[in-house]
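Asks:
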Amino acid sequence: MTLTAETSRPSATAAAGRARRVRLAPRLAPYLQAAPLTVTLLLFLLVPILTIVVVSFWDYDSVRFYPDFVLTNYTELLTSPVTWKTYLNTLKYAALSWAITLGIGFTVAYFLAFHVRSTTWQMLLFLVCTIPFWTSNIIRMISWIPFLGRNGLLNSGLISAGIIDRPLEFLLFSDFSVVLAFVHLYALFMVVPIFNSMMRIDRALIEAARDGGASAVQTLWNVILPLSKPGIAIGSIFVVTLVMGDFITVRLMSGGQSASIGLMIANEISLLQYPAAAANAVVLLAVVLIMVVAMLRVVDIRKEL
1 MTLTAETSRP
11 SATAAAGRAR
21 RVRLAPRLAP
31 YLQAAPLTVT
41 LLLFLLVPIL
51 TIVVVSFWDY
61 DSVRFYPDFV
71 LTNYTELLTS
81 PVTWKTYLNT
91 LKYAALSWAI
101 TLGIGFTVAY
111 FLAFHVRSTT
121 WQMLLFLVCT
131 IPFWTSNIIR
141 MISWIPFLGR
151 NGLLNSGLIS
161 AGIIDRPLEF
171 LLFSDFSVVL
181 AFVHLYALFM
191 VVPIFNSMMR
201 IDRALIEAAR
211 DGGASAVQTL
221 WNVILPLSKP
231 GIAIGSIFVV
241 TLVMGDFITV
251 RLMSGGQSAS
261 IGLMIANEIS
271 LLQYPAAAAN
281 AVVLLAVVLI
291 MVVAMLRVVD
301 IRKEL
């Protein structure tokens, strides 16, 4: 009997341990599933951002930078009229690009979602929209130069047609060409989320609106547009954040005559002014986050989806 009791005691302990592990497994499963993504975000997102924040307080001279804790980089940045002018210029690019891409994106998505009945044709036309992404951004930007140049295809065609008598100078190396390139590069980032939101709209709601006597414009304004807000918000976040951080487009399409925050940071890095560039990047990140939060306050994406 003593032997039986002694052998049964470890068995009971082992059974209790297995039962405890079985109870803990459902609780730990979500954490284990989220662990790889959490580690990836920590290593490749949070650590670089923290590094930039730390470097933004370092000091530098004409040949090197060294660890320190100074506010000079931020004071020189925020008290400089050039900085404020550059930020306003960047915000102007973001606002114009957002407005134009929103108009194009909503129109294209509306056509694909409600006027193209065949799913095959929807996918085919959607793939056509992605054709520009088959080449690099730089190639797509450079392709505008022979078209918009003083002796380019557009000016030559307008002069040949007698519409103008001399070339239009504003077409290239100007704010017009910069915004045009931004729209060309980022319009699809507005089309995709809006199209996705429109495809989720219950068609019975549209039929009910029509049966209730609503016109096409009233249906669009009171039914389709409100239900497309999540896609509009997501597309707006994509376009605004991409434009705010872009620098190569401004450099190429303005011919060096315009500035943006991204271009300012790139110039500071080329001059080895890493702490100043880091401070500029931190301020830019704060501005973009404020803009994103403002968009999310207007449209609660989690509630709408």
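Using the UniProt record's numbering, you'd call the opening residue of the sequence shown number 1 and step up by one each time.
From the three backbone atoms N, C-alpha and C, an ideal C-beta is built for every residue, glycine too.
#1: So, under 8 Å CB-CB, residue 56 and residue 73 are touching, yes? Tell me the CB distance rounded to an integer number of Å.
#2: Can you give, in chain order, each stretch of the alpha helix (DSSP H) that sits fully within the region 232-296 and has at least 4 residues?
#3: Applying the criterion that 16 or more other CB atoms from any shown protein chain within 10 Å of the CB defines a buried residue, is residue 173 buried or exposed?
#4: Ignoring anything shorter than 4 residues or poking outside the region 143-197, list the alpha helix (DSSP H) runs there in chain order.
#5: In the structure shown, what three-state DSSP assignment does residue 65 receive?
#6: Within 10 angstroms of its Cβ, does residue 236 collect 16 or more other Cβ (buried), or is it exposed?
#7: Going by DSSP, which residues form a beta bridge with residue 211?
#8: Exposed or buried, residue 231, counting other C-beta atoms within 10 Å across all chains shown (16 or more means buried)?
#9: Considering only their Cβ atoms, is the gap separating residue 188 from residue 241 smaller than 8 Å?
#10: Out of 198, 211 and 116, which one is the CA nearest neighbour of residue 224?
#11: In chain order, which continuous runs of the alpha helix (DSSP H) of length 4 or greater are located wholly inside the region 35-83?
#12: Between which two residues does the alpha helix (DSSP H) carrying residue 130 extend?
#13: What residue range is occupied by the uninterrupted alpha helix (DSSP H) comprising residue 223?
#14: Please say whether residue 128 and residue 122 have beta carbons closer to each other than 8 Å?
#15: If you draw a straight line from the C-alpha of residue 246 to the C-alpha of residue 214, how long is it?
#16: Quick one: what does DSSP say residue 140 is sitting in, helix, strand or coil?
#17: Would you call the region 161-172 and the region 193-211 touching, i.e. three or more CB-CB distances under 8 Å?
#18: Based on Cα-Cα distance, which residue from 201, 234, 238 and 233 lies nearest to residue 222?
#19: Measure the beta-carbon distance from residue 264 to residue 135 and round it to whole angstroms, keeping in mind my assumption that it falls under 8 Å.
#20: In chain order, what residues of the same chain have a beta carbon less than 8 Å from the beta carbon of residue 281, not counting five sequence neighbours either side?
Replies: This is what the structure holds:
#1: Beta-carbon to beta-carbon, residue 56 and residue 73 are separated by about 6 Å, close enough to satisfy the 8 Å threshold.
#2: Qualifying alpha helix (DSSP H) stretches, in chain order: 248-253 and 261-270.
#3: Answer is buried; the Cβ neighbour count reaches 16.
#4: Within the region 143-197, the alpha helix (DSSP H) runs of at least 4 residues that lie entirely inside it are, in chain order, 145-148 and 153-160.
#5: Here residue 65 sits in strand by DSSP.
#6: Under this definition residue 236 is a buried residue.
#7: Residue 211 pairs with nothing; no bridge assigned.
#8: Using a 10 angstroms sphere on the CB of residue 231, the tally of other CB atoms reaches 16 or more, which defines it as buried.
#9: Going by beta carbons, residue 241 and residue 188 fall outside the 8 Å limit.
#10: Out of 198, 211 and 116, 198 has the C-alpha closest to the C-alpha of residue 224.
#11: Those alpha helix (DSSP H) runs which fall completely within the region 35-83 and span 4+ residues are 47-55 and 72-78.
#12: Note, residue 130: premise wrong, no alpha helix (DSSP H); not H, not E.
#13: Note, residue 223: premise wrong, no alpha helix (DSSP H); not H, not E.
#14: Judged by their CB atoms, residue 122 and residue 128 are not nearer to each other than the 8 Å cut-off.
#15: Going from the Cα of residue 246 to the Cα of residue 214 covers about 43 Å.
#16: Residue state, collapsed to three classes: helix.
#17: The region 161-172, when compared against the region 193-211, does not touch it at the 8 Å Cβ threshold.
#18: For the residues 201, 234, 238 and 233, the minimum Cα distance to residue 222 belongs to 201.
#19: About 28 Å separates the two Cβ atoms, so there is no contact after all.
#20: Excluding residues within five positions, the ones whose Cβ falls inside 8 Å are 52, 56 and 265.
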